[in-house]
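Notes to accompany the following structure.
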Amino acid sequence: EPFVADEYIERLAWRTPGGGSRGGEAFDPKRLLEEFVNHIQELQVMDERIQRKVEKLEQQCQKEAKEFAKKVQELQKSNQVAFQHFQELDEHISYVATKVCHLGDQLEGVNTPRQRAVEAQKLMKYFNEFLDGELKSDVFTNSEKIKEAADIIQKLHLIAQELPFDRFSEVKSKIASKYHDLECQLIQEFTSAQRRGEISRMREVAAVLLHFKGYSHCVDVYIKQCQEGAFLRNDVFEDAAILCQRVNKQVGEIFSNPETVLAKLIQNIFEVKLQSYVKDQLEEHRKSDAEQYLKNLYDLYTRTTNLSSKLMEFNLGTDKQTFLSKLIKAIFISYLENYIEVEIGYLKSRSAMILQRYYDSKNHQKRSIGTGGIQDLKERLRQRTNLPLGPSIDTHGETFLSQEVVVNLLQETKQAFERCHRLSDPSDLPKNAFRIFSMLVEFLCTEHIDYALETGLAGIPSSDSKNANLYFLDVVHQANTIFHLFDKQFNDHLMPLISSSPKLSECLQKKKDIIEQMEVKLDMGIDTLNCMIGQMKHILAAEQKKTDFKPEDENNVLIQYTNACVKVCGYVRKQVEKIRNSMDGKNVDTVLMELGVRFHRLIYEHLQQYSYSCMGGMLAICDVAEYRKCAKDFKIALVLQLFDTLHALCNLLVVAPDNLKQVCSGEQLANLDKNILHSFVQLRVDYRSARLARHFS
């Protein structure tokens, strides 16, 4: 711990008797002073002793430092001497090495010609044996020396090829015969070793055969025997992958060029096994069953490319990607050339069958409903003038839209897109995908959705029909749901195939045209709102009585609102709910606003047909209040504002004559035309009284 003088003196005083630090003791300054003096003397003695020790250690340290420096100098001198000796030795070694290399070159210069001369002498000896027609050397007669014999005969064969045929035809023939016999023996030996599983012997024989013309035959034999018993299961692709993995581990231990041998094996598998298997699977259904043919083609091509991906792990040479692609193309080229025609033909017939099966299940014969400018003009004309354009079609509540049909069509198209992605050439992919999309548009959008909308439009009853069933909203609801599914498939399956091609804009334009065409037909369905208003008119005409607003007994009115009001509000709430369920987005607000405005106009004009007593006016106010509650379900500010104003107008039917001007100048009525206010005041039974007419004027 660090030394603190105050604490040290305090401890010394505490230990000294009479130092005053202990409780109960009398303070003795003399004794404390004496103790301090003695302690100072002890410290001085201790300081002197420590100082002497320090001086002694310093002297010893200086002595040892001098000795160490002297020793370091001696070592440096020794190191310099050793370094000089090392340099001399290195120079001497370099000199000796130079002499040795020179001597080695001289020896090699002498030995190489000598070895060549010895080898040439041996070859001449063996050549003489062939020339004499009798092979006496042990190397030719001993079967165990087949490796040496092969080396000799291979060299003799090369020499014989340089000799003139007219003088050495016989010996050349004998050498060629022996060459062929040894080659056959080596191949047979390689075959036997492969069957026994002797990898080392196979490697030796392959190394000898490498310089023979029959080396490729040796590789062929190896490839053939590798495949024996390898394709016993039903899955030829899995068998091929397992075989290649096994051979890949083995081929490097046998051949000096393993990548070439493995590539040749793979080529043999593709051109023989796979091509035969693919042909058997596809030719069976090519003309008789397009669906099964396309499924098999997609499955086989996918499994072949998956096998190719596994084989990419192996060393097959420099450009293995191109090598494998060519093998795949050779197998499938005859099937892929006309793939899209088969696909479109199948998709067209399959889609037509799905639709026809559905309409047959409904006992419905599709009508030829005209489309185009004239038809559109007639429909728009009917909307604006309410002129009947012939009898409407009774659909008996059938929308002629089926989720099952749509799912089937989309599923077929989805599979077609998947096949198109896999089987189409990259340059043809956008074009082929567009053709499939066109089929989907034709059968789903035109033949199914568009036909249902046309039929639904034709089935809309006239506005003066009684008990009309408004099935067109069900058509709208289902068409909206179906189009969402169509749009999802467009984004999920078509867009990835055409996103980076010029066909993208063409597909988007086609989709836009389809949407606009359907929206036009949905807009034509605004006649449905006329039917709703017509139904409300029928309810009001049937249920509303003149005595409702001019009761015979003013003091005995027991109802809160009229029966006509109850039924109209019930009908309107059902239609609002139906519209919300049938549409989405801004379409809901647009249609509800149109319906709300027409609903207000109907009630406004309806109230103008009656005269109102004081109690009848109160009942009219109650009816309008109920209509206003119904208008809240529209959740459209304009509609609610219209009914608020109508409610304020109805107050003119019951307000006291003296307060008429005050009510008319209120917030809700101040901006209305005076003629509108006057028309409501005229509906009061007491309007003709001079007092009321005077107050209002």
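The sequence shown: position 347 = 349 (the working numbering), numbered continuously.
In this text, a Cβ means the ideal position worked out from N, Cα and C, and glycines have one as well.
| query | result |
| --- | --- |
| Could you check what DSSP says for TYR360 in three-state terms: helix, strand or coil? | helix |
| Beta-carbon within less than 8 Å of GLY646's beta-carbon, same chain only, minus the 5 sequence neighbours each way: which residues are those? | A small correction: the amino acid at residue 646 is Asp; Gly does not occupy that position in the sequence shown. So the qualifying residues of the chain are ARG630, GLN670. |
| Span of the alpha helix (DSSP H) holding VAL590? | 588-609 |
| Grab the span of the alpha helix (DSSP H) containing ASP328 for me, first residue to last. | The sequence given here has Lys at residue 328, not Asp. Where LYS328 is concerned, the enclosing alpha helix (DSSP H) stretches over 322-338. |
| In chain order, what residues of the same chain have a beta carbon less than 6 Å from the beta carbon of GLU12, not counting five sequence neighbours either side? | none |
| Rounded to whole angstroms, what is the Cα-Cα separation between ALA627 and ASN493? | 48 Å |
| Work out the CA separation of ALA99 and GLU93 for me, nearest whole Å. | 10 Å |
| Less than 7 Å between C-beta atoms, sequence neighbours within five positions excluded: which residues of the same chain meet that for TYR337? | LEU284, LEU299 |
| Comparing alpha-carbon positions, which option in PHE474, GLU444, ILE438 lies nearest ALA454? | PHE474 |
| Put ARG235 into one of helix, strand or coil per three-state DSSP. | coil |
| Going by C-alpha distance, which of LEU442, LEU296, LYS251, MET520 is nearest ARG421? | LEU296 |
| Less than 8 Å between the beta carbons of SER258 and ALA209, yes or no? | yes |
| Using 8 Å as the cut-off, can you tell me whether the stretch 300-308 makes contact with the stretch 261-268, which would need three or more C-beta pairs spanning the two stretches below that distance? | no |
| May I have the straight-line CA-CA distance separating HIS701 from LYS322, to the nearest angstrom? | Since the first residue shown for the chain is 3 and the last is 699, residue 701 is missing from the structure and cannot be characterised. |
| Assign ASP427 to one of two classes, buried (16 or more other C-beta atoms within 10 Å of its C-beta) or exposed (fewer than that). | exposed |
| When we look at the beta-carbon of ALA435 and count the other beta-carbons within 10 Å, is it buried (16 or more) or exposed? | buried |
| Counting C-beta neighbours from all protein chains within 10 Å, is the total for MET355 16 or more, i.e. buried, or is it exposed? | exposed |
| Within a Cβ cutoff of 7 Å, which residues of the same chain sit near CYS632, ignoring the five residues on either side of it in sequence? | CYS571, VAL574, ARG575 |
| Less than 8 Å between the beta carbons of PHE316 and CYS228, yes or no? | no |
| Nearest to HIS552 by alpha carbon, out of SER311, VAL687, LEU313, GLN252? | Looking at the sequence itself, residue 552 is Lys, so the reference to His does not match. For LYS552, the nearest C-alpha among the options comes from VAL687. |
| Do you know offhand how far LEU651's Cα is from SER615's? | 15 Å |
| Looking only at its own chain, which residues have a Cβ that is under 7 Å from the Cβ of ARG437, when we skip the five neighbours before and after it? | ILE342, ILE346 |
| Just to check my reading of the structure: LEU188 and LEU211 have Cβ atoms closer than 8 Å, yes? What is that Cβ distance to the nearest angstrom? | 5 Å |
| Going straight from the alpha carbon of ALA672 to that of LEU487, what length do you get? | 52 Å |
| Use the C-beta contact count for ASN677: other C-beta atoms within 10 angstroms, 16 or more gives buried, fewer gives exposed. | exposed |
| Are there 16 or more other CB atoms within 10 angstroms of the CB of GLY199, so buried, or fewer, so exposed? | exposed |
| Taking Cβ positions, are TYR606 and LEU685 nearer each other than 8 Å? | no |
| So, with DSSP's three-state summary, where would you put TYR563? | coil |
| Thinking C-alpha only, which one of THR483, LYS331, THR448, LEU403 is nearest ARG424? | LYS331 |
| Under 8 Å Cβ to Cβ from GLU406, same chain only, skipping five residues before and after it: list those, please. | TYR360 |
| How far does the alpha helix (DSSP H) with CYS2 in it reach, from first residue to last? | Residue 2 lies beyond the residue range present for the chain, which begins at 3 and ends at 699; the question has no answer from this structure. |
| As an exercise, report each continuous alpha helix (DSSP H) stretch of at least 4 residues that is fully enclosed by the stretch 437-518, in chain order. | 453-460, 474-491, 497-500 |
| Does the separation of the CB atoms of ASP8 and GLY20 fall below 8 Å? | no |
| With H, G and I counted as helix, E and B as strand and the rest as coil, what does DSSP make of TYR295? | helix |
| Starting from TYR614, follow its DSSP beta bridges and name the residues at the other end. | ARG686 |
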